[in-house]
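Trainee: Under the numbering used here, the first residue of the sequence shown is numbered 900, with each subsequent residue one higher.
Note that the Cβ used here is the ideal one computed from N, Cα and C, for glycine as well.
I have a structure here, written as structure tokens, and I will follow up with some questions on it.
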Amino acid sequence: MSVLIVYGTKTGTSEKCAKYIADKLGEPVTLVNARDGIKIELSPYSTVIIGGSVRMGHITAAVSKFIEEEEENLLTKKVALFMCCGFTDEENINRQLEINFTPALKEHALCVKCFGGELHPDGTNKIDKLVAKMAFKADGDIDLTPELDYNAMNELVAAVKASLA
Ligand SMILES: Cc1cc2nc3c(=O)[nH]c(=O)nc-3n(C[C@H](O)[C@H](O)[C@H](O)COP(=O)(O)O)c2cc1C
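See the structure below:
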């Protein structure tokens, strides 16, 4: 059973999550960092896990492009979706899930999870920090020190494993 994980990342957090999932799945897993110009061949895979980080409300551009181009194909496979983000409240998380994943794909997915996020004090430059602050403050008093939610990652792994059994 072959599993593909397609992720988009800016400062490495989504990649860390993708690698964590791959490790926990204990199946042969192919990891692909979605970048512009990369053609991802889906035919060898029966299960595709897709995720990335959200900036200014939008998931990594290469990931949304991949979803847009491959949605029809993805709807024929087992799919799980994840998002890394700074928002921790349900309202903003749901709003961002709505923006970034189509209703058809969400409906079809085995599970859709928010893994929380990280703001890197060293890897994030001053402009990024300012923009992130603006993004968060635009919707109220939001946690500026997000953390990764390993329970959510484990739940995604369990859902995918159950579908492979
Ligand atoms: C410039 C900037 C903008 C961000 N915008 C948002 C946002 O709109 N919504 C959100 O939930 N998180 C936002 N975040 C938080 C990121 O999603 C979070 O830091 C994530 O863990 C980054 O993952 P990555 O290293 O895989 O890119 C932002 C972070 C930065 C640095």
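How would you write the range of the alpha helix (DSSP H) that S913 sits in, first residue to last?
Mentor: First-last of the alpha helix (DSSP H) with S913: T912 to L924.
Trainee: Can you confirm whether the region 903 to 917 touches the region 948 to 965 when touching is taken to mean that 3 or more C-beta pairs between the two stretches lie within less than 8 Å?
Mentor: Taking 8 Å as the limit for Cβ pairs, the verdict is that the region 903 to 917 does touch the region 948 to 965.
Trainee: Roughly how many whole angstroms lie between the Cα atoms of L930 and T912?
Mentor: Their backbone Cα atoms lie some 14 Å apart in a straight line.
Trainee: Kindly indicate which residue of F1014, V978 and C984 has the alpha-carbon position closest to the one of L1004.
Mentor: It is V978.
Trainee: Which whole-angstrom value is the C-beta distance of L1063 and T946, which I expect to be below 8 Å?
Mentor: Confirmed, Cβ separation roughly 7 Å.
Trainee: Please list, in chain order, all residues of the same chain as I998 whose beta carbon is under 7 Å from its beta carbon, the five residues on each side excluded.
Mentor: Closer than 7 Å at Cβ, skipping near neighbours: G956 and H957.
Trainee: If you follow the beta strand (DSSP E) that R954 is in, where does it begin and where does it stop?
Mentor: Segment T946 to R954, the beta strand (DSSP E) holding R954.
Trainee: To the nearest angstrom, how far is the alpha carbon of C916 from that of C1010?
Mentor: Taking the straight line from one Cα to the other gives about 15 Å.
Trainee: DSSP three-state label for A1008, please.
Mentor: Coil at A1008, not helix or strand.
Trainee: According to DSSP, L980 sits in a beta bridge with which residue or residues?
Mentor: Answer by DSSP bridge pairing, in chain order: I949 and V1011.
Trainee: Using the DSSP secondary-structure output, state which residues sit across from T929 in a beta bridge.
Mentor: T929 pairs with L903.
Trainee: In angstroms with no decimal places, state the Cα-to-Cα distance between H1007 and I949.
Mentor: Whole-angstrom Cα-Cα distance: 13 Å.
Trainee: Should S963 be counted as a contact of ligand 2 given a C-beta to heavy atom distance under 6 Å?
Mentor: For ligand 2, the structure offers nothing, since it holds only ligand 1.
Trainee: Per DSSP, what kind of secondary structure is L974 in: helix, strand or coil?
Mentor: DSSP places L974 in coil when its eight states are reduced to three.
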